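Numbering (our numbering), first residue to last: 37 to 372.
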Ligand code: TYD
């Protein structure tokens, strides 16, 4: 297969490219990535000389460049990881989220249709469903996005649905719970807290720390996208989750204990505006249809992630010193 991975230089996209090249040595993977602040070719060092891998810098919002890369490389399928993903940034500056998520996905759908590609997998989020007090969202649940990020992703997912219904464009949409693992940009909860603690800084826990998220390791998510790329029927929607729900305070305590630090390192700060209380998805459809199951135990995955950040300060330190990060974080650093 000749595969285009859009957003392949980011955290999840780069994990997926490495996974695919290792598992299918005869596949060709073209990584089409704009290299925003979150894109990092360091994530792909181990495959950069692989003759089956190619990097092309470009933006999915640039339709001409996108169509050129697809036709020149005889692309057969697309997995779309390209997105602005950080909720706090979307609260401060939603503009790029709307453009990349909505117009970028629109261009990918148009290209999938125009070049008769066999499949487009749209990697989306459980955040489109909104917050749920009890129970879990299924693929049939309606969207109720609460942040500009979630609304932008929901807009793109609606377009995917409309393209399948209207044009039979072979798109599959996934709604995943929160990712964690190595190479995650140090602005998300887990890598931000780990790297702060390595630097001797406190960790800013929003509100009462009792918001609940469901967590999936990169390796489990790559396996799920692999299955859906090859086996899911066009037009289908799949939730990708683990059932591993944790309050932010529980994760924080696990990180502190693993790093031999005390709870005095927690700094309670103001809550995120519009903060979703709980995300939870039912992913039984994925298990039922394809026998997929999460394999990585959270405590083990978290420990490995902490070890990786400890050993790879060269990777994350330059990213943390960027002005953008301070700018987007400053409103949350006030003490609660
Ligand atoms: P985040 O990693 O930003 O992912 P998302 O908002 O997409 O779920 O945040 C995960 C949870 O951690 C969320 O409930 C907000 C909380 N959080 C903090 O308490 N402090 C922080 O500094 C960050 C980044 C997140």
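Beta carbons are placed, not taken as given, at the ideal position from N, Cα and C, and that holds for glycine.
It should be emphasised that the depicted structure is a prediction, and the values quoted were computed from it without experimental measurement.
* **Rounded separation between residue 74 and residue 240 - CA only** => Mapped onto the chain shown, residue 74 falls at position 38. Mapped onto the chain shown, residue 240 falls at position 204. C-alpha separation (whole angstroms): 21 angstroms.
* Note down, in chain order, each residue of its chain lying with its Cβ closer than 7 angstroms to the Cβ of residue 372, except the 5 sequence neighbours on either side. => Counting from 1 along the chain shown, the entry for residue 372 is found at position 336. Residue placement at residue 372 cannot be trusted, given a pLDDT of 49 that sits under 50; the coordinates are not used to answer.
* Report yes if the CB atom of residue 146 is closer than 8 angstroms to the CB atom of residue 119, and no otherwise. => Start at 1 with the first residue of the chain shown, and residue 146 comes out as number 110. Start at 1 with the first residue of the chain shown, and residue 119 comes out as number 83. No.
* To do: Could you tell me which of 178, 114, 258 and 179 sits nearest to residue 153, measuring between CA atoms?
  => Within the chain shown, residue 153 is the residue found at index 117, counting from 1. Out of 178, 114, 258 and 179, 114 has the C-alpha closest to the C-alpha of residue 153.
* Is any heavy atom of the ligand TYD found at a distance shorter than 7 angstroms from the C-beta of residue 169? -> As a first step, residue 169 is located in the chain shown; it is residue number 133 there, counting from the start. No; taking the cut-off as 7 angstroms, the Cβ of residue 169 has no heavy atom of the ligand TYD nearer than that.
* Asked: Cβ-heavy atom distance between residue 224 and the ligand ADP below 7 angstroms?
  -> As presented, the structure is devoid of the ligand ADP, carrying the ligand TYD as its sole ligands.
* Asked: Ends of the alpha helix (DSSP H) at residue 353?
  -> Start at 1 with the first residue of the chain shown, and residue 353 comes out as number 317. Element bounds for residue 353: 349-356.
* Ignore the nearest five residues each way along the sequence and tell me which others in residue 210's own chain have a CB closer than 8 angstroms to its CB. => Indexing the chain shown from 1 puts residue 210 at position 174. Apart from the 5 residues on each side of it in sequence, residue 210 sits with its Cβ closer than 8 angstroms to the Cβ of 157, 158, 159, 160, 260, 261, 264, 273, 274, 275 and 276 in its chain, given in chain order.
* Asked: Taking contact to mean at least 3 C-beta pairs separated by less than 8 angstroms, is the stretch 91-107 in contact with the stretch 66-80?
  -> yes
* **Beta-carbon contacts of residue 301 that lie in its chain and below 7 angstroms, excluding the five residues immediately before and after** => Here residue 301 corresponds to residue number 265 of the chain shown, with the count starting at 1. 233, 238, 239 and 292.
* Asked: Name the DSSP bridge partner or partners of residue 149?
  -> One-based indexing of the chain shown puts residue 149 at position 113. Residue 149 is not bridged to any residue.
* Use the C-beta contact count for residue 220: other C-beta atoms within 10 angstroms, 16 or more gives buried, fewer gives exposed. => The residue given as residue 220 occupies position 184 in the chain shown. Under the 10 Å beta carbon count, residue 220 is surrounded by 16 or more other beta carbons and is classified as buried.
* **Which of helix, strand or coil DSSP assigns to residue 179** => Working through the chain shown from its first residue, we reach residue 179 at position 143. Coil, per DSSP.
* Check each candidate in 171, 155, 297 and 217 and name the one with the smallest Cα separation from residue 199. => Within the chain shown, numbered from 1, the residue matching residue 199 stands at position 163. Comparing Cα-Cα distances from residue 199 to each of 171, 155, 297 and 217, the minimum goes to 155.
* residue 285, DSSP secondary structure in three states -> Sequence index remark: in the chain shown, residue 285 carries index 249 (1-based). Helix at residue 285.
* Reducing DSSP to helix, strand and coil, say where residue 372 ends up. => Here residue 372 refers to the residue found at position 336 when the chain shown is read from its first residue. Below a pLDDT of 50, predicted positions are generally treated as unreliable, and residue 372, at 49, falls in that range; no measurement from the model is reported.
* Asked: Hey, does residue 325 have any beta-carbon neighbour from chain D nearer than 8 angstroms?
  -> Absent from the structure is chain D; it holds one protein chain and no more.
* Where does residue 42 land, buried or exposed, given buried means 16+ other C-beta within 10 angstroms? -> The residue labelled residue 42 in the question sits at position 6 within the chain shown. Buried.
* Go ahead and label residue 312 buried or exposed: buried means 16 or more other beta carbons lie within 10 angstroms of its beta carbon, across all protein chains shown. => Counting from 1 along the chain shown, the entry for residue 312 is found at position 276. Classification for residue 312: buried.
* How about residue 249 and residue 297: do their beta carbons lie closer than 8 angstroms? -> Position 213 of the chain shown, counted from the first residue, corresponds to residue 249. Position 261 of the chain shown, counted from the first residue, corresponds to residue 297. No, these two residues do not count as a Cβ contact at 8 angstroms.
* DSSP state of residue 240, grouped into three classes? -> Within the chain shown, the letter at position 204 stands for residue 240. The answer is strand: DSSP assigns residue 240 an E or B state.
* Is it true that the stretch 126-143 meets the stretch 180-198, where meeting means three or more beta-carbon pairs spaced less than 8 angstroms apart? -> yes
* How big is the Cα-Cα spacing for residue 299 and residue 177? -> In the chain shown, residue 299 corresponds to position 263, counting from 1. In the chain shown, residue 177 corresponds to position 141, counting from 1. Roughly 38 angstroms between the two C-alpha positions.
* Could you give the residue range of the alpha helix (DSSP H) that holds residue 201? -> As a working mapping, residue 201 is identified with position 165 in the chain shown. Segment 184-203, the alpha helix (DSSP H) holding residue 201.
* **Residues of its chain near residue 310, where Cβ-Cβ distance is below 8 angstroms and the 5 sequence neighbours each way are ignored** => Position 274 of the chain shown, counting from 1, holds the residue named residue 310. Hits under 8 angstroms: 127, 182 and 183.
* **Counted within 10 angstroms of its Cβ, other Cβ atoms place residue 58 as buried (16 or more) or exposed** => Looking up residue 58 in the chain shown gives position 22. Exposed is the call here.
* Under three-state DSSP, which class holds residue 325? -> In the chain shown, counting from the first residue as 1, residue 325 sits at position 289. If DSSP states are grouped into helix, strand and coil, residue 325 belongs with the helices.
* Straight-line Cα distance separating residue 295 from residue 144 -> The residue labelled residue 144 in the question sits at position 108 within the chain shown. The residue labelled residue 295 in the question sits at position 259 within the chain shown. If I take the Cα positions, the gap works out to 43 angstroms.
* Please confirm whether any heavy atom of the ligand TYD lies closer than 7 angstroms to the CB of residue 249. => Here residue 249 refers to the residue found at position 213 of the chain shown. Result yes, Cβ under 7 angstroms from the ligand TYD.
* Asked: Cβ atoms of residue 170 and residue 317: under 8 angstroms apart, would you say?
  -> Position 281 of the chain shown holds residue 317. Position 134 of the chain shown holds residue 170. No.
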